[in-house]
Amino acid sequence: MSELNNYSFGRTLETQQSASQNRTLRNTYWLLALSMLPTTLGAYVGVQFGFSFFAGSPFIGLFAFMAIAFGFFWGIERNKHSGMGVVLLLAFTFFMGLMLSNILRVALNMPNGGSLIGVAALGTGGIFFGLASYASVTKRDFSNMGKFLFVGVMMLLVGGVANMFLHLTALSLALSVMAVGIFSLYLLFDLKRIMDGGETNYITATLAVYLDLYNIFANLLSLLMAFTGNSKD
84 MSELNNYSFG
94 RTLETQQSAS
104 QNRTLRNTYW
114 LLALSMLPTT
124 LGAYVGVQFG
134 FSFFAGSPFI
144 GLFAFMAIAF
154 GFFWGIERNK
164 HSGMGVVLLL
174 AFTFFMGLML
184 SNILRVALNM
194 PNGGSLIGVA
204 ALGTGGIFFG
214 LASYASVTKR
224 DFSNMGKFLF
234 VGVMMLLVGG
244 VANMFLHLTA
254 LSLALSVMAV
264 GIFSLYLLFD
274 LKRIMDGGET
284 NYITATLAVY
294 LDLYNIFANL
304 LSLLMAFTGN
314 SKD
């Protein structure tokens, strides 16, 4: 009888954990979809009004961007259990849309710029759905991958800062290729962590997945512009 009770308790606990994981994943996907609206609005406003954070000094602009971004991260983390966390996340995605307007404006200045943006969006969506499907069926543990991916992001950051002074096209392309690979792996890592119950807060989960997709899209677009973009005469 005792063994039967223990089995029933174990099954109940497993069912509750599964329901909690599914709820977190579902809420993450809904909030991720919602975050695309302020991102699009921010990008539109940035393109229309010529927003540029790096117009004066790229180096100072980078530090200002990092300060604002980490300010949002801090605020979202402190308020991740309340509605204010959602508000701050959506405000952050609007800000990131403004930042995205720089590369979108360059793309739209190309005769095939609109199609390049569309291809980059479809490519990003394809990567997301492919990795989400894989993460949902694989039994592999990707938890050890986090520290290596973090090192990769630090390398990208150092390389990006260095290229502000070097202005090497080859280095820029190499960094974009690396970024697509690293953030695709980060996307798999984050999705698997949510599905396995390693992340139980849908606001911070959405932030992680959003940043992965944002960087994949921006770097895919950069590569498409470099290899298939046509400048206007």
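Letter by letter, the sequence shown follows residues 84 to 316 in the working numbering. We put the beta carbon where it would ideally sit given N, CA and C, even for glycine. The structure presented is a predicted model; accordingly, all values stated were derived computationally and were not measured.
Out of the options, state which residue places its alpha-carbon closest to the alpha-carbon of residue i.
| i | options | result |
| --- | --- | --- |
| leucine 115 | Ser165, Gly154, Val169 | Val169 |
| phenylalanine 300 | Leu199, Ala204, Leu187 | Ala204 |
| leucine 171 | Gly154, Leu240, Ala218 | Gly154 |
| glycine 213 | Leu271, Thr252, Met238, Ala126 | Leu271 |
| threonine 134 | Leu239, Ser226, Met182 | Rather than threonine, the amino acid found at residue 134 in this sequence is phenylalanine. Closest option to phenylalanine 134, Cα to Cα, is Met182. |
| alanine 215 | Ile151, Asp273, Trp113 | Asp273 |
| methionine 149 | Leu173, Ser165, Phe178 | Phe178 |
| asparagine 246 | Tyr112, Pro141, Lys222 | Pro141 |
| leucine 304 | Ile200, Phe156, Pro194 | Ile200 |
Could you tell me the distance, in whole angstroms, from the CA atom of residue i to the CA atom of residue j?
| i | j | result |
| --- | --- | --- |
| lysine 275 | valine 263 | 18 angstroms |
| arginine 161 | serine 255 | 35 angstroms |
| methionine 308 | serine 103 | 42 angstroms |
| aspartate 316 | alanine 291 | Caution applies to aspartate 316, whose pLDDT of 46 falls short of 50 and renders its modelled position unreliable; the value that the coordinates give is listed next. Cα-Cα distance, rounded: 40 angstroms. |
| threonine 311 | leucine 232 | 29 angstroms |
| asparagine 185 | isoleucine 143 | 16 angstroms |
| valine 220 | methionine 261 | 26 angstroms |
| threonine 176 | leucine 124 | 9 angstroms |
| aspartate 224 | asparagine 302 | 27 angstroms |
| phenylalanine 92 | leucine 120 | Bear in mind that the predicted position of phenylalanine 92 carries a pLDDT of just 45, short of 50, making it too unreliable to give a figure here. |
| leucine 191 | serine 198 | 9 angstroms |
| leucine 252 | leucine 145 | What sits at residue 252 in the sequence shown is threonine, not leucine. Distance between the alpha carbons of threonine 252 and leucine 145 is about 19 angstroms. |
| glycine 158 | serine 226 | 26 angstroms |
| lysine 230 | valine 202 | 31 angstroms |
| alanine 152 | leucine 240 | 14 angstroms |
| valine 244 | alanine 147 | 14 angstroms |
| leucine 173 | valine 128 | 15 angstroms |
| tyrosine 165 | phenylalanine 211 | The question names tyrosine, yet the displayed sequence has serine at residue 165. Whole-angstrom Cα-Cα distance: 27 angstroms. |
| phenylalanine 132 | methionine 238 | 33 angstroms |
| histidine 250 | tyrosine 112 | 38 angstroms |
For residue i versus residue j, is the C-beta spacing smaller than 7 angstroms?
| i | j | result |
| --- | --- | --- |
| leucine 258 | glycine 242 | yes |
| asparagine 110 | tyrosine 285 | yes |
| leucine 296 | threonine 207 | yes |
| serine 118 | tyrosine 293 | yes |
| valine 236 | arginine 188 | no |
| phenylalanine 266 | asparagine 298 | yes |
| alanine 126 | glycine 196 | no |
| alanine 218 | methionine 167 | no |
| threonine 283 | threonine 107 | yes |
| threonine 287 | lysine 163 | yes |
Item to check | 4 or more residues per run - each alpha helix (DSSP H) lying fully within the region 114-176 | outcome: 141-161
Checklist entry - Fully enclosed by the region 210-296, which beta strand (DSSP E) runs are 3 residues long or longer? => result none
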